[in-house]
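Structure first, commentary second.
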Ligand SMILES: [Zn+2]
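As structure tokens, then:
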């Protein structure tokens, strides 16, 4: 089953020797892409002001500082459109929301729905808690431990590891639950978060309004095709992304030299 668009599915193990994915992202005319993404990390909940949460959020900020100026961004240039050239991005100062907690109490933990997240994000924009929206803004909302995100009636860890979405076709955001469950764990908590966040980041750049680059055959976005791949880049665990021009999962442009990404696509067992 193909999950709803924008959702990062859980990684399922593959049998050895499975062929590399074959895919083709196709641009839907007029669709939106982010040419010079400005990421605003939002750390929601008191956890992020504690010792552990503060250290983790600093590492996530460092991940964005690196990845937004990396070869992975350069690779996305092939998904430029007639009106927008995709280049490198920048991280804006992160925001910590300590005066509220995401979601409602539920048995065994808390749950936050996508509609609650949209309401909260719009209030933060309206009252200036977060920077105002520009045509390049991407809000990246990090949830604290033990909070389940619910989107389109399916939930994090059970059905997905993270997702991205939009409000009114001009507010773009991604949601990253604290990923410790088996289908969303890729090592340390930082590894898991950077793997999933790199997937969401690239999808939010190439398909922020869910109307731009997608494989029409499968409905998959750039990250979905390569969901079972990982590699180290700058010390961070990231996910490779689909390159039409290289016909492979990759982490840099073809012009950057021979890529070993294809074999990583083939060999990766999760
Ligand atoms: Zn995805």
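Numbering (this note's numbering), first residue to last: 1 to 270. Backbone N, C-alpha and C fix where the C-beta goes; we use that ideal spot for every residue, glycine too.
Residue 142 and residue 112 have their C-alpha atoms spaced approximately 12 Å apart. Here residue 245 is actually not in contact with residue 101; their C-beta atoms are around 44 Å apart, not less than 8 Å. For residue 138, the enclosing beta strand (DSSP E) stretches over residues 137-142. Membership of residue 66 in any beta strand (DSSP E) is not indicated; the residue belongs instead to the alpha helix (DSSP H) covering 51-67. Taking 8 Å as the cut-off, the C-beta of residue 211 does not count as close to any heavy atom of ligand 1.
By the Cβ rule, the region 118-138 does not count as touching the region 64-73, because fewer than three pairs are nearer than 8 Å.
Ligand 1 has a heavy atom closer than 8 Å to the beta-carbon of residue 6. Residue 241 is classed as buried because its beta carbon has at least 16 other beta carbons within 10 Å across all chains shown. Residue 227 has its Cβ nearer than 8 Å to a heavy atom of ligand 1. Excluding the 5 residues flanking it on each side, residue 103 has same chain C-beta neighbours closer than 7 Å at 110, 111, 112, 116, 147, in chain order. In the DSSP assignment, residue 175 is bridged to 141, 163. The Cβ-Cβ distance between residue 160 and residue 39 does not fall below 9 Å.
Assignment of residue 249 by DSSP, reduced to helix, strand and coil, places it in the strand class. Under the criterion of beta carbons closer than 8 Å, residue 237 and residue 191 qualify as touching, at roughly 4 Å.
Cβ-Cβ distances below 8 Å link residue 133 to 125, 170, 171 in the same chain, with the five nearest sequence neighbours on each side left out; the list follows chain order. Approximately 4 Å separates the beta-carbon atoms of residue 200 and residue 174; this is inside 8 Å, confirming the contact.
Residue pairing for residue 233: DSSP places it in a beta bridge opposite 236. In this structure, residue 65 has its beta carbon at no less than 8 Å from each heavy atom of ligand 1. Here residue 122 is exposed, its C-beta having fewer than 16 other C-beta atoms within 10 Å.
Inclusion of residue 46 and residue 105 in the CB contact set at 9 Å is not warranted, their separation being larger than that value.
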